[in-house]
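Same order as they appear, the protein sequences are chains P and F.
Residues 88 to 433, numbered by this note's numbering, are exactly what the first sequence covers, in order.
Residues 88 to 433, numbered by this note's numbering, are exactly what the second sequence covers, in order.
2 protein chains.
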Amino acid sequence: MTLIPNEARRRRKVTMRDVADRAGVGLATVSRVINGKSGVAADLVERVHEAARDLGYRHDLTASSLRRADRRTGTIALVLEDVANPFSSALHRAVEDTAHAENLLVLTGSSDENPERERELIDTFTLRRVDGLIVIPTGGADTELAAVRRQGTPVVCVDRLVELDQVDTVTVDNRTGARAAVQRLLDLGHRRVAFLGDMASIWTARERYAGYLEGHAGRRVDERLVRREIRSADAAEHAIREILDGDEPPTAVFAAQNLLTIGAVRALQRLGLQDRVALIGFDDFPLADMLSPGVSVVAQDPAEIGLIAARLLLGRIADDDDRPARHVVVPTTYVARGSGEIPPTD
Amino acid sequence: MTLIPNEARRRRKVTMRDVADRAGVGLATVSRVINGKSGVAADLVERVHEAARDLGYRHDLTASSLRRADRRTGTIALVLEDVANPFSSALHRAVEDTAHAENLLVLTGSSDENPERERELIDTFTLRRVDGLIVIPTGGADTELAAVRRQGTPVVCVDRLVELDQVDTVTVDNRTGARAAVQRLLDLGHRRVAFLGDMASIWTARERYAGYLEGHAGRRVDERLVRREIRSADAAEHAIREILDGDEPPTAVFAAQNLLTIGAVRALQRLGLQDRVALIGFDDFPLADMLSPGVSVVAQDPAEIGLIAARLLLGRIADDDDRPARHVVVPTTYVARGSGEIPPTD
DNA sequence: CGAGGTTTCGGAAACGTTTCCGGGAAACGT
DNA sequence: ACGTTTCCCGGAAACGTTTCCGAAACCTCG
């Protein structure tokens, strides 16, 4: 068997110089042809392409971006909460698609909601000179984001609001969506609506909680029905069981994040209460419609968010980075599937 | 408001030369210090670090990897079917985690099962000189993979078997898993088991179909119950409805891919047959346990697959690329949740 | 037909780093 | 004390490309 590395080592990399020699032209001309610049005689263009093909020449983007005036690397970076989370990966996909249309590649990393890790990712990405950065900010690395921005790299923040100079943001109207959901439940006659929320350090968690409160429109909310700082489906399940065990249990639940919604569903199903306690979740999730009852949700459109974010970033990369920050707010839609339409049982 | 780009443009990038001048040492010494090489006097190391800190020096990985002997870029690439697909993204996450431990970054792309796109991705990745490649091969770009391999970049293929020199693969024992599932159904007394499969161009689809046939152990399979080349949940739903409409409908369904399983669930629920027709799916999916009945599946472990693939790749990158291809086969496990345990109704 | 302008091309410098190499100082052995 | 080895260090070359600049060739027009 032939050992590839040896073979590869033997045969030196074919460079523009080689192409130039074989085509009988200057190095500069080869560069012009490869980059598709105008102002080269047609026959030379042909000769260069032919030589390149014969030699199996491959353009080296590393060397290219080192010398190039704009120093572009053709790469953007995406800092997600977790690439395996459905919201993140739908966003990722949308970004990839728009980036691909511009021949850009996407580097990704998961911060796991950890500011330290976010900082680390931002750092390694910028060392690699990415052309732009899309981040779901944990909130704890804003200084670094500002630094990156100052250093010249365009930045777009998604999902969470961040107030930084010349950093665009794309968010969802969390507060309105949450408020409307809670109002629906109250309109149905529910008076005791439990709340399940993520860490208060996360902007969306705070907004959705605010919406929950606003939805009550002056009505008192029982503190015992509120559980915040819940980080997983298991924790959510546990919390719901605890709340339902109390002496004045809720007749409805508002779960402010998709994992928490799933935990709530699990708890209700285990207790056989899925048809008696109403449930509305924030953020849609796959198969929510197939459960019984179907889970009503305040849906966001991660693909739309990703698309807008990518467009904003590409705009800044392409030309006009000299414009103030823009905040885009994407609306949410309520999807009625049954669980949110259950009337109160007393 | 200060316009960042101007500011950034004004102040030239601080380079190793600047650090060297400020520390009063040679350029080579700065390089040695930054790269943590031994053989530099302690006080010089200190001076260099101090100067670098004062000047806000940032190491340029692009320039570094251009000159560096091993030409490593600290980046690996991952070609998935679709980053938004749960199987792909779980794999992605596992790869990211192991890569991160070695300080490697991950570039990703979605081939959408399209060989053309796979080729394109492989091409752009290698132009960027990634240190290694992990691919879910469509099967139509094997020549390109071999070329990449010959050019010296380590390659690991996942999920689908590929026979290439010095290309490791990590697959699942599709055939055994499918066969066992079908046998379970037959043992339960089912005689008419429908089959739903993906495109035959995909290795896993062929293997699972083979397993389905083998599971019948000589018993005749009714061609009318077999549907292959199904590409989406909708198509699967349609196919199942069609089959159940026939004069001799199946009493059980084996769906050979997660999207198809979901389509089958949808069809059965719509027809109100979810408790009468047995169903086993290949590949687990989120919330399969929450449906009623719970969906029994032949589960694979995408995280395990990703972990192994990443380890194989890192091994080749690190040192011994001079070893023959290694094929790792990860076992599947059957997860009984109810839908696969429904006895035949005649 | 010649002056002036435009186009096309190649040599050489530059991008920011790593690595090669050679020189000087220190350490060692005799 | 002197030759030899070892150790640090800095200058310069190199990585593969893009861009600057000047030379040559080609037009255009009075």
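The beta-carbon is built from N, C-alpha and C at its ideal position, and this holds for glycine as well.
Ranked by how close their Cα comes to the Cα of residue 285 of chain F, the residues F/243, F/370, F/187 and F/339 have F/370 in first place.
Around the Cβ of residue 192 of chain P, a 10 Å sphere holds 16 or more other Cβ atoms; the residue is buried. Per DSSP, residue 381 of chain P lies in no alpha helix (DSSP H) and is assigned neither H nor E. Against chain F, a Cβ distance below 8 angstroms from residue 321 of chain P picks out nothing, because the smallest value is about 14 angstroms. The DSSP-derived three-state label of residue 175 of chain F is helix. Closer than 8 angstroms at the C-beta level to chain F, one finds these residues of the region 193-209 of chain P: 193, 194, 195, 196 and 197.
Sequence-distant partners of residue 195 of chain P (beyond 5 residues in either direction) whose C-beta falls short of 7 angstroms from its own C-beta, in its chain, are 165, 167, 170 and 179.
With a threshold of 8 angstroms between beta carbons, residue 424 of chain P makes no contact with chain F. The straight-line gap separating the alpha-carbon atoms of residue 235 of chain P and residue 216 of chain P is approximately 11 angstroms.
Fewer than three beta-carbon pairs drawn from the region 218-237 of chain F and the region 215-230 of chain P are found closer than 8 angstroms, and the two stretches are therefore not classed as touching. The C-alpha of residue 132 of chain F is placed about 22 angstroms away from the C-alpha of residue 100 of chain F. With respect to chain P, the C-beta atom of residue 183 of chain F has a partner C-beta closer than 8 angstroms.
Among the residues of the region 365-397 of chain F, those with a Cβ less than 7 angstroms away from any Cβ of chain P are 373, 374, 377, 378 and 379, in the order of the chain. In the pairwise beta carbon analysis, the region 288-299 of chain F is classified as not touching the region 353-367 of chain F: fewer than three pairs are separated by under 8 angstroms. Counted as a single uninterrupted DSSP element, the beta strand (DSSP E) harbouring residue 197 of chain F occupies residues 192-197.
Boundaries for residue 260 of chain P: no alpha helix (DSSP H) harbours it, and the DSSP string shows neither H nor E there. Contact check for residue 383 of chain F against residue 415 of chain F fails: the beta carbons are separated by 8 angstroms or more. In this chain, the beta strand (DSSP E) harbouring residue 420 of chain F covers 420-422. Around residue 426 of chain P, the same chain offers 366, 380, 382 and 383 as residues with beta carbons nearer than 6 angstroms, after the five sequence neighbours per side are excluded.
Approximately 17 angstroms separates the beta-carbon atoms of residue 259 of chain F and residue 412 of chain F; this is outside 8 angstroms, ruling out the contact. Inclusion of residue 252 of chain P and residue 392 of chain P in the CB contact set at 8 angstroms is not warranted, their separation being larger than that value. For residue 121 of chain F, the three-state secondary structure derived from DSSP is helix. For residue 367 of chain F, there is no enclosing alpha helix (DSSP H); the enclosing beta strand (DSSP E) has its first and last residue at 365-369.
For chain P, none of the residues of the region 101-129 of chain F brings a beta carbon within less than 8 angstroms of one of its beta carbons. Residue 221 of chain P sits in a strand when the DSSP states are folded into three classes. For a Cβ distance threshold of 7 angstroms, residue set 170, 171 and 176 of chain P lies close to residue 176 of chain F, ordered along the chain.
No Cβ of chain P is located within less than 8 angstroms of the beta carbon of residue 136 of chain F. At a Cβ-Cβ threshold of 8 angstroms, residue 209 of chain P and residue 183 of chain P do not count as neighbours. For residue 150 of chain P, the chain F residues whose Cβ falls inside 8 angstroms of its Cβ are 153, in order along the chain. According to DSSP, residue 425 of chain P shares a beta bridge with P/381. Following the DSSP letters along the chain, one finds residue 282 of chain F inside the beta strand (DSSP E) bounded by residues 280-283.
The beta-carbon separation of residue 320 of chain P and residue 347 of chain P, rounded to 7 angstroms, stays under the 8 angstroms limit for a contact.
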